[in-house]
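First comes the structure, then the notes that go with it.
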Amino acid sequence: MAEDDRGKPYRDLPELYVFYLTEADVWNGEQTVYEVTSLLGNTRMIHSDGKHVFYVNARVDDGSKIAKMMQYFRTADPEDGSQGALSKRVHFLKCEEGGIEIMCELSERIQKRGEMIGERRGEKRGERLAKQMTARNLSCMGMAVDQIAGAVGERTAVVAKWLAGEAGKN
């Protein structure tokens, strides 16, 4: 809910539509579109709260316009003009100079973001491994587990688990 919606009467809140697009028929009902209906408690009374949830899958082709659009999503063929404005935009992004530039910039941003995430994960893993190695070394030098925990900045239980795992490997 947006901040400016606070205090508004329930009936004045906007309807909310949520669409989950899937490759598979997650409900196995051989339908392209499934609408989720909320029931009140353990009754069979339908509960309407202004939220509408739909699952749309690309596997089932029932011949509908939505099924055709989902098939289009699977290929996004820039030469397929069957989806009007969507097809024109895909053609622009994949085939025309300005669109190709947009896609290249987007690809570069995605790649950089992935690299940053990977670097952060690697740094965290390296820090954890360094702490574990330090804990093992300090243990070999006869330091108590609680002192080791203080030295490496970890909880005593975590350090004890590391050291117990190391003892099981020897």
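Here our numbering = 1-based position in the sequence shown + 175. Heads up, the beta-carbon is just placed ideally off N, CA and C, and yes, glycines get one too.
Nearest to residue i (by Cα), restricted to the options the options
i	options	result
Gly330	Leu191, Leu281, Ile277, Arg303	Before going on, a small fix: residue 330 reads as Arg here, not Gly. Checked all of Leu191, Leu281, Ile277, Arg303; the closest Cα to Arg330 is Arg303.
Gly225	Pro189, Ala310, Ser239	Pro189
Thr250	Val193, Lys183, Met318, Glu198	Glu198
Asn203	Ala319, Gly289, His222, Ala233	Ala233
Val193	Glu280, Val201, Val211	Val211
Asp252	Ser282, Phe267, Thr218	Phe267
Lys240	His222, Gly317, Gly259, Glu254	Gly259
CB contact flag (residue i, residue j, <8 Å)
i	j	result
Leu196	His227	no
Gln206	Asp237	yes
Val231	Met245	yes
Tyr209	Phe229	yes
Residue i - containing alpha helix (DSSP H), residue span
i	result
Leu268	260 to 270
Thr250	240 to 250
Val327	320 to 327
Residue burial classification, residue i (beta-carbon count within 10 angstroms, cutoff 16)
i	result
Trp337	buried
Tyr185	exposed
Asn345	Below a pLDDT of 50, predicted positions are generally treated as unreliable, and Asn345, at 40, falls in that range; the measurement from the model is reported next regardless. Result: exposed.
Ala324	buried
Leu215	exposed
Leu313	buried
Gly343	Low confidence applies to Gly343: its pLDDT is 46, below 50, so where it sits in the model is not reliable enough to give any reading.
Val334	buried
Ala310	buried
Nearest-angstrom Cβ-Cβ length linking residue i and residue j, presumed shorter than 8 Å
i	j	result
Lys299	Val327	14 Å between Cβ atoms; not a contact.
Lys243	Ser262	Not confirmed; about 11 Å, so no contact.
Asp200	Val235	5 Å
Start-to-end residues for the beta strand (DSSP E) that takes in residue i
i	result
Val235	Segment: none, Val235 is in no beta strand (DSSP E) and carries neither H nor E.
Val350	For the chain, the structure presents residues 176 to 345; residue 350 sits outside this window and is missing.
Leu196	191 to 197
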